[in-house]
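Trainee: Protein chains in written order, with this note's numbering: chain A, 62 to 168; chain B, 62 to 168. Cβ atoms here follow ideal geometry from the backbone N, Cα and C, with glycine treated the same way. Please read all numbers here as calculations on a predicted model, not as lab measurements. Got a structure for you, questions after.
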DNA sequence: TAATCGCATAACTGATTGGTTATTGATAAA
DNA sequence: TTTATCAATAACCAATCAGTTATGCGATTA
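Quick look at the structure:
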């Protein structure tokens, strides 16, 4: 089932989690070990944050040997976009472009 | 100064706060008393949530006699939209699209 | 097989948070 | 002036959370 916008908001509310997500967006797929190197927190903390992001649908993991690779999930942001779409016309045109963007990213 | 996306995320992470904000978006300006009637929490709790939304730039207040009127602030969501555009676009292989996006968003 | 590595989980801790009731201040009404 | 109302603040509490260290488990390497 698709995660609700609530879990996405909560997942992104934490700056460390946002930072991890942003890094995965920028740098592409990363192992937990690589992510831990750049974060200033312990490996278990990174793993917990990744678990939160995963349950929110914002990342996917892939096992390769004993390494676990994480990558950002484009679709994970769509609940946010949907939620934003419900409110107001001020930012509507920006929103439309984002929806279009996410749609094309899906392909 | 413009609130960072962080405070907006944090403000919207709480379901009660989201609910208050959504109601203000739907119904328009409301007094604290009206908002309290529909929420299942006490008036001080509502006031605290409104203060959080206000400091995130998501609502504005207006005093009228002894009543305090709150209304949703459309522009308050733009840090979110900007953030989405920034990191959503990194999925794309080509950066020229991002530049185009940001350029049009500037107008 | 034994030792090591990569990661997740368990167990714990201090800080933060979302809620409460009590109180205060300001305005309106009697 | 006295009383009642609206909303913010204070003080407090239980629950959640983000971090830690210790441990366990599967996969690799010696």
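(1) Counting contacts by CB-CB distance shorter than 9 Å, is residue 74 of chain B in contact with chain A?
(2) Select from the stretch 107 to 124 of chain A all residues with a C-beta closer than 8 Å to any C-beta belonging to chain B, and list them in chain order.
(3) Please classify residue 104 of chain B as buried or exposed, where buried requires at least 16 other C-beta atoms within 10 Å of its C-beta.
(4) Using a Cβ-Cβ distance under 9 Å, would residue 142 of chain A count as near chain B?
(5) Under 7 Å Cβ to Cβ from residue 85 of chain A, same chain only, skipping five residues before and after it: list those, please.
(6) Alpha carbon to alpha carbon, what distance is there between residue 75 of chain A and residue 112 of chain A?
(7) Roughly how many whole angstroms lie between the Cα atoms of residue 125 of chain A and residue 64 of chain B?
(8) Would you verify that the beta carbon of residue 79 of chain A is, or is not, closer than 9 Å to some beta carbon of chain B?
Mentor: Judging by the given coordinates:
(1) yes
(2) none
(3) exposed
(4) yes
(5) 91, 120, 131, 132 and 133
(6) 13 Å
(7) 41 Å
(8) yes
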